[in-house]
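Following: one structure in structure tokens, then a few remarks.
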Amino acid sequence: MTGPGPSLFIIGIEDTGETYVCSPAQNLLRAMERLGRQGIPVGCRGGGCGVCKIQVLEGEYRARKMSRAHVSAAEEAAGIGLACRMFPCTDMRLKVLGAIRRFVVPGASASPAEPGTDRYAGAD
Ligand code: FES
Numbered sequence: 007m008t009g010p011g012p013s014l015f016i017i018g019i020e021d022t023g024e025t026y027v028c029s030p031a032q033n034l035l036r037a038m039e040r041l042g043r044q045g046i047p048v049g050c051r052g053g054g055c056g057v058c059k060i061q062v063l064e065g066e067y068r069a070r071k072m073s074r075a076h077v078s079a080a081e082e083a084a085g086i087g088l089a090c091r092m093f094p095c096t097d098m099r100l101k102v103l104g105a106i107r108r109f110v111v112p113g114a115s116a117s118p119a120e121p122g123t124d125r126y127a128g129a130d
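In this note's numbering, the protein residues as written are 7 to 130.
If you want it as structure tokens, here you go:
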């Protein structure tokens, strides 16, 4: 640690225009749950199920190890990851891709990037 940084960052959800706050010590999924969406299937919260897959459009983050079954090396390089394993270092803007998408984005259908689709299966 090199001195006190901001204690909270603003996270914007591209799909809905909503924002929420997240501390550097809190993962992006945990803070997103506070939006209060009914029925968000938070899954394993440990990087193993893939329901919380997101793509970072802007901002910096730290990420803990993620399963290659859910995030390929190419996806990771494109800013795609699992919200339960990602921690903000700056304000961020993100897009929700995983199964939680239909709970976070009212009226959304499954994303083409949702885990299990052919487009992403075995990409690494
Ligand atoms: S909640 Fe399971 S991978 Fe994030």
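Virtual Cβ for every residue (Gly too), placed ideally from N, Cα, C.
At 4 residues or longer, and completely inside the stretch 35 to 89: list those alpha helix (DSSP H) runs for me, N to C. 79 to 83
Is there at least one non-hydrogen atom of the ligand FES closer than 7 Å to the beta-carbon of leucine 88? yes
Option in Val57, Ala83 and Ile46 with minimal Cα separation from tyrosine 67: Ala83
For glycine 18, the residue or residues it bridges with in DSSP: Thr25 and Arg99
How should glutamate 64 be labelled, buried or exposed, when 16 other C-beta atoms within 10 angstroms of its C-beta is the threshold for buried? exposed
For proline 94, which residues does DSSP report across the bridge? Tyr67
May I ask whether a heavy atom of the ligand FES can be found less than 7 Å away from the beta carbon of cysteine 28? no
In angstroms, rounded to a whole number, what distance separates the CA positions of alanine 75 and cysteine 55? 9 Å
Rounded C-alpha distance that separates valine 77 from leucine 100: 16 Å
Return yes when the Cβ of valine 48 is within less than 8 Å of the Cβ of alanine 37, no when it is not. no
Contact test: arginine 51 Cβ vs the ligand FES heavy atom, cutoff 7 Å: yes
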